[in-house]
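> Numbering (the numbering used here), first residue to last: 2 to 195. Heads up, the beta-carbon is just placed ideally off N, CA and C, and yes, glycines get one too. Here's a structure for you.
Right, here's the structure in full:
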């Protein structure tokens, strides 16, 4: 009964978050003063060979991106369906364990994507779009995985703490935190990344 209630609460929280996001998009979309873009003919700026090369690159790259999404979905599904029994056991510090599990899941997804990421990068090298070395790529991948693991651990710790503290209404502060997190990432991203 409790698991069903938690699932229904989670579904309700997701639906409410999506509805609020859509409402904000509708409210914040300008109604007037939009600038109509001028039509641009790519053939005016690029040769047919360059346009063909771009189409060739984008076509397979799109399918590799879709394959990456499928790999993520499969890995996450397998983790959920085949979670080791020892993860369900009682712990002295379940909130800390949940953070470690969140970080481990994040790193597992990154590791599963390395072959596709390397293939996409090799194609970028072949098309002259990437000039960094493989060592630099590996360092970027490791840093990104580390940042993602910290974010996943933090989010998991907060989620489990909220669920333990407020089993029936955890989704209310969780929704607010998700919106706040989106705002922080939107405004802090350019400062931190650029």
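Give me the residue from 58, 162, 170, 28 with the minimum Cα distance to residue 130.
Taking the first residue of the chain shown as 1, we reach residue 130 at position 129. Residue 130 has its Cα closest to that of 58, out of 58, 162, 170, 28.
> Sorted by chain position, which residues of the same chain lie with C-beta nearer than 8 Å to residue 109's C-beta, five sequence neighbours on each side aside?
Reading the chain shown from its first residue, position 108 is the one you call residue 109. Within the same chain, residue 109 has close Cβ partners 76, 80.
> If you measure between the beta carbons of residue 175 and residue 50, is that distance less than 8 Å?
As a first step, residue 175 is located in the chain shown; it is residue number 174 there, counting from the start. As a first step, residue 50 is located in the chain shown; it is residue number 49 there, counting from the start. The answer is no: Cβ separation not under 8 Å.
> My guess is that residue 162 and residue 96 are in contact by the Cβ rule of under 8 Å, so how many angstroms apart are they, rounded?
For the purposes of this step, residue 162 is taken as residue 161 along the chain shown, with counting starting at 1. For the purposes of this step, residue 96 is taken as residue 95 along the chain shown, with counting starting at 1. About 5 Å; that satisfies the 8 Å criterion.
> Hey, would you say residue 103 sits closer than 8 Å to residue 177, going by beta carbons?
Here the question's residue 103 lines up with position 102 in the chain shown. Here the question's residue 177 lines up with position 176 in the chain shown. For residue 103 and residue 177, no; Cβs fall outside 8 Å.
> When burial is assigned at 16 or more other CB atoms within 10 Å of the CB, is residue 157 buried or exposed?
For this step, residue 157 is matched to residue 156 along the chain shown. Buried, by the Cβ-count rule.
> In whole angstroms, what is the alpha-carbon distance linking residue 47 and residue 122?
In the chain shown, residue 47 corresponds to position 46, counting from 1. In the chain shown, residue 122 corresponds to position 121, counting from 1. Cα to Cα, residue 47 sits roughly 24 Å from residue 122.
> I need the DSSP call for residue 54, collapsed to helix, strand or coil.
Counting from one through the chain shown, the residue named residue 54 turns up at place 53. Under the three-state reduction of DSSP output, residue 54 falls in the helix class.
> Pull up the distance between the alpha-carbon of residue 71 and that of residue 114, whole angstroms please.
Residue numbering aside, residue 71 sits at position 70 when the chain shown is read from its first letter. Residue numbering aside, residue 114 sits at position 113 when the chain shown is read from its first letter. Their backbone Cα atoms lie some 10 Å apart in a straight line.
> I'd like to check one pair, residue 111 with residue 74: are the Cβ atoms closer than 8 Å?
The sequence position of residue 74 within the chain shown is 73, counting from 1. The sequence position of residue 111 within the chain shown is 110, counting from 1. Taking 8 Å as the Cβ cut-off, residue 74 and residue 111 do not qualify as a contacting pair.
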